[in-house]
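Undergrad: Those letters in the sequence shown? Residues 114 to 334, per the working numbering, in order.
Where a beta carbon is used, it is the ideal one built from N, C-alpha and C, also for glycine.
Computed from a prediction, not measured in an experiment: that's the story for all the values here.
Encoded as structure tokens, here's the structure I'll be asking about.
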Amino acid sequence: MSEQSADVSRRAFLRAGAGATAVAAGAGTAAAQEEEEGGGGGNVRPEWPSYVDDAEDGSYEDLRGESEVTVDVGPDGSLAFVPTNIWIDPGTTVNFEFVSPGHNVKPNDQPDGGGLDGSEGGEFDTIPEGETYEATLETGGMYTYYCAPHEGQGMKGAVAVGEDVSTVEVDTGGGGGSSRPEVPDAAKSLGIATGFGMAATLGLAYFFIKYGGDYGDYEGA
Ligand code: CU
114 MSEQSADVSR RAFLRAGAGA TAVAAGAGTA AAQEEEEGGG GGNVRPEWPS YVDDAEDGSY
174 EDLRGESEVT VDVGPDGSLA FVPTNIWIDP GTTVNFEFVS PGHNVKPNDQ PDGGGLDGSE
234 GGEFDTIPEG ETYEATLETG GMYTYYCAPH EGQGMKGAVA VGEDVSTVEV DTGGGGGSSR
294 PEVPDAAKSL GIATGFGMAA TLGLAYFFIK YGGDYGDYEG A
């Protein structure tokens, strides 16, 4: 093994290392861009009124973009509206499907001119299982409603209509029922992991170059 060939292979190793560093840096930049796009003002949800703080189930779904949506009333014998809180576009029809007996839907609060009249009958008249109460909500704003026989047990819900509602940032760490996949974080982690991998490889390369390949004729170089 001549001194020259050892030198050439060392240079090739260094070049490969530099290339790997560029790739790692590129991955990091791509991850950062993706995170910006994913978090660009889209991660908000309506600010629900305190009335539904103690609502049973408490699930939330962003159903904007749908012309018709469904809320199950008392699924599996529960005293809950599921999903409990929804965000819809103006003009969307909400179908309250009575999947168990003994419940109704009554408005608690809504914007002026809001179309949530409540299910048929008096305050404590209930709707038979299998029937549906539908309400088309044209007016933007926050609506809250309840089931009169079970309001005290937390059988309530809320509907945010349109974009003119107060919103809060969604905690990306908490999930909070959001169905949005957290691709940006995953991409970021991958970028970081890749960076660590490259750094470890370069570190090893350094040690190989400095202490490895010490074949006698290379001493004192
Ligand atoms: Cu009820």
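Assign V274 to one of three DSSP states: helix, strand, or coil.
TA: Three-state DSSP puts V274 in a strand.
Undergrad: Closer than 8 Å is the cut-off here; do at least three beta carbon pairs connect the stretch 193–205 with the stretch 261–271?
TA: The answer is yes - the stretch 261–271 touches the stretch 193–205, with three or more Cβ pairs under 8 Å.
Undergrad: Any heavy atom of the ligand CU closer than 7 Å to the Cβ of M268?
TA: Yes, the beta carbon of M268 sits closer than 7 Å to at least one heavy atom of the ligand CU.
Undergrad: Check the C-beta distance from G187 over to H216 and give it rounded, since I have them as a contact under 8 Å.
TA: The pair is a contact, with the Cβ atoms about 5 Å apart (cut-off 8 Å).
Undergrad: Tell me whether V165 sits in a helix, a strand or coil according to DSSP, three-state version.
TA: It is helical.
Undergrad: Spatial neighbours of A168 within its chain, please: CB distance less than 7 Å, with the 5 preceding and 5 following residues excluded, ordered by chain position.
TA: Cβ within range, chain order: T197, G267, K269, G270.
Undergrad: Does any heavy atom of the ligand CU sit closer than 7 Å to the C-beta of L192?
TA: Flag set: Cβ of L192 near the ligand CU.
Undergrad: Quick one: give me the first and last residue of the beta strand (DSSP E) that V281 is part of.
TA: 280–282 is the extent of the beta strand (DSSP E) around V281.
Undergrad: Since E242 and F211 are thought to touch, with beta carbons under 8 Å apart, how far apart are those beta carbons, to the nearest angstrom?
TA: Going by Cβ atoms, the distance from E242 to F211 rounds to 6 Å, so yes, they are a contact pair.
Undergrad: Can T205 and G228 be called in contact, C-beta distance under 8 Å?
TA: No. Outside cutoff.
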